[in-house]
Amino acid sequence: MKKSSVLAGVAVLATIAVGATGVSVVAQDTIAQRKALMKAVGGASKTGSQMAKGEAPFDAAKANEAMGTIATSWAAFAKLFPKGSETGGETTASPKIWESFKDFEDKGAKLASDATAAQKAAANGADAFKTAFGDVTKNCGGCHKPYRIQK
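So for the sequence shown, this note's numbering puts the first residue at 1; every next one is plus one.
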């Protein structure tokens with residue numbers, strides 16, 4: 001009984017502290033998850049880019065894995081923009097995401113589709129991958145320009 005009273009007190013204090021900062025723990029966690037997922041997508045994109053540019057040797061297995069990361073990340077990423085996570089946690093997500101969420105979702109779905117196509121193209125060699133990867137990278141600016149706040 002005493003332990004549950006202490007836990008309840010801690011929960012109340014945490015709620016007060018969060019209220020005082022104006023940023024919910026849930027929003028901060030969601031923003032942290034978005035950042036981690038974008039970092040993984042960025043790493044996968046870098047892997048693909050280096051191979052497409054000839055800066056790294058083409059490796060079909062690595063290309064497949066990198067494009068798989070990008071393709072599967074979108075399903076999780078799209079769920080990481082709930083109302084209430086527009087601010088805080090040093091987010092660079094533009095409020096335009098929530099104003100035009102359908103467009104944002106459509107752009108992400110296109111990225112996932114193009115990454116899946118590049119994943120399949122990797123099995124056909126470096127040239128096929130390079131062409132398909134070009135379509136993947138076109139999506140980056142198409143989403144970042146309208147939906148990311150530049151630092």
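Ideal placement from N, C-alpha and C gives every residue a C-beta, glycine not left out.
{"Query": "Please list, in chain order, all residues of the same chain as residue 47 whose beta carbon is under 7 Å from its beta carbon, the five residues on each side excluded.", "Result": "62, 66"}
{"Query": "Cα-Cα, which of 40, 35, 78 is closest to residue 110?", "Result": "78"}
{"Query": "Skipping 5 residues on each side, what residues in its chain have a beta carbon closer than 7 Å to that of residue 114?", "Result": "135, 136, 139"}
{"Query": "Quick one, which of 149, 33, 29, 59 has its alpha-carbon nearest residue 74's?", "Result": "33"}
{"Query": "In whole angstroms, what separates the C-alpha of residue 23 from that of residue 101?", "Result": "Caution applies to residue 23, whose pLDDT of 48 falls short of 50 and renders its modelled position unreliable; the model cannot decide the point."}
{"Query": "Does residue 115 come out as helix, strand or coil in the three-state DSSP assignment?", "Result": "helix"}
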